[in-house]
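In the numbering used here, the protein residues as written are 20 to 317. Let me begin by presenting the structure, written as structure tokens, before commenting on it.
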Amino acid sequence: MLTTTMQSCHTLLQRATHQQERDRLWSLYGPSLIRDCDRSLQTDWLNDLLQLDVGTSFPVRQDNIDQTSGKNRRLGHYFESLWQQSLHRAGWRFEAGLRIGDRQHTLGELDLLFEQPDGNHWHIELALKFFLAGPNGWVGPDSRDPLNNKLARLFDHQLLLPHRPDVSTWLAERGWNHLQSQAIVRGCLFYPAHPQAVPPLPDGINPDHWRGYWTHWPNGREHLSEGLWYVLDKAFWCSPAHVAFGISNQTLYQYLDLHFRHVGIPVCVVRVEELAGAGFIEQERWMLVNEDWPTRIR
20 MLTTTMQSCH TLLQRATHQQ ERDRLWSLYG PSLIRDCDRS LQTDWLNDLL QLDVGTSFPV
80 RQDNIDQTSG KNRRLGHYFE SLWQQSLHRA GWRFEAGLRI GDRQHTLGEL DLLFEQPDGN
140 HWHIELALKF FLAGPNGWVG PDSRDPLNNK LARLFDHQLL LPHRPDVSTW LAERGWNHLQ
200 SQAIVRGCLF YPAHPQAVPP LPDGINPDHW RGYWTHWPNG REHLSEGLWY VLDKAFWCSP
260 AHVAFGISNQ TLYQYLDLHF RHVGIPVCVV RVEELAGAGF IEQERWMLVN EDWPTRIR
């Protein structure tokens, strides 16, 4: 079923006319970073959502993402909004961003609760993450948010929260009973271009996760293949790029030289190929970092 779902997802991605619509489809049907965690979600209810998407177009609101801020929290909130809009479109009851606690103390927040048409209740924790294989483990592009820490908090706190007796009772009073908890984690893991030792992946990572590569600049000249390239704004990291044009390696290198001369922020670039006059489709993804990485970016 997963294979069929993924094939349908790629077909929908090619037909989608807006980047935000492609992001929404990828958020639902794209590959998981975590092994098995959303396998049970590849069931009838996910197929129901898929059938709603086949042959239709669903414009996604853009007010939940700030394309100029470049802040992780904005991209994460945007990812959550994509799921909310899909459930809203399906007409299913849901609550999002449900804060657990009182005025003095907060235990946490539940990303998403929803009810299937058959009456089953689900608690979903959502995350969109990008990690690079650094010398001391897997970390975010800004050298923060280690993958191990993210997974530990997800499994040891967030997924357990609604099953505490006091929280479970409070949720039942709001009409949420016998919740099943799952994690939906999308994103990309970037492997080093050099054949150096790659740190082991934490337990539970899906072997079929989305993969990219990273290298320091200007070493990227040695590793980026000849072709057409596109520089991805952080707001558009969510799903494989489908863009209107590509630039040459020479133009890309000029841009990267200028960028890293003045800014230390990593740059995500994709190599693209034209799809029969229907735009340019991502073929491979790279993260370029400055020479000091993984020194923390301030």
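Glycine included, C-beta positions come from ideal geometry on N, C-alpha and C.
Are the CB atoms of residue j and residue i within a distance shorter than 7 Å?
i	j	result
F149	C207	yes
R205	L147	yes
L68	A35	no
L131	I143	yes
W248	V288	yes
G145	L129	A quick correction: the sequence has Leu, not Gly, at residue 145. No; because the gap between Cβ atoms is not below 7 Å, this pair is not in contact.
A202	H242	no
Q104	A115	no
E245	N268	yes
So if DSSP puts residue i in a beta bridge, which residue, or which two residues, is it bridged to?
i	result
T188	In the DSSP output, where bridge partners are listed per residue, T188 has none listed.
Y210	Y232
E301	V291
A216	In DSSP, A216 forms no bridge with anything.
S200	H142
K148	G206
A115	L131
L307	T234 and V286
T125	G120
Y249	V289
H261	I300
W157	A152
Taking 6 Å as the limit between beta carbons, can you name the residues of its chain near residue i, skipping five residues before and five after?
i	result
C257	D42
E310	H235
R163	none
W141	F133 and Q199
V250	V288
Using a Cβ-Cβ cutoff of less than 8 Å, which residues in the same chain neighbour residue i once the five nearest sequence positions on both sides are dropped?
i	result
L170	I53, P221 and G223
For residue i and residue j, which I take to be in contact (beta-carbon distance under 8 Å), what is that distance rounded to the nearest angstrom?
i	j	result
A263	Y210	That belief does not hold up - the Cβ atoms of A263 and Y210 are roughly 29 Å apart, past 8 Å.
V291	E301	6 Å
D227	P50	6 Å
W157	P237	In fact, because the Cβ distance is near 24 Å, the residues do not count as touching under 8 Å.
Within 10 angstroms of its Cβ, does residue i collect 16 or more other Cβ (buried), or is it exposed?
i	result
S46	buried
Q215	exposed
V190	The sequence shown places Leu at residue 190, not Val. Its Cβ being crowded by 16 or more others within 10 Å, L190 is buried.
H261	buried
I284	exposed
R304	buried
L307	buried
L32	buried
K90	The pLDDT assigned to K90 is 41, lower than 50, so where the model puts this residue is not dependable; a value taken from the coordinates is nonetheless given after this. Counting Cβ neighbours within 10 Å, K90 comes out exposed, since fewer than 16 surround it.
L106	buried
L271	buried
L179	exposed
Q39	buried
T30	exposed
E192	exposed
What residues in its chain sit with their C-beta under 7 Å from that of residue i, if we drop five residues either side in the sequence?
i	result
R112	F133 and E134
G159	F149 and F150
L101	D42, R43, S46 and V79
G120	L126
P181	L129, H142, S187, L190, L198 and S200
H278	V286
S88	Low confidence applies to S88: its pLDDT is 41, below 50, so where it sits in the model is not reliable enough to give any reading.
G265	L247, W248, Y249, V291 and F299
G74	Because G74 sits at a pLDDT of 48, beneath the cut-off of 50, its placement in the model cannot be relied upon, and the following sentence gives the value as read from the coordinates. Counting only Cβ-Cβ distances below 7 Å, and skipping sequence neighbours, we find nothing.
Cβ of residue i versus every heavy atom of the ligand NAP: is any distance shorter than 6 Å?
i	result
W256	This structure does not include the ligand NAP; it has no bound ligands of any sort.
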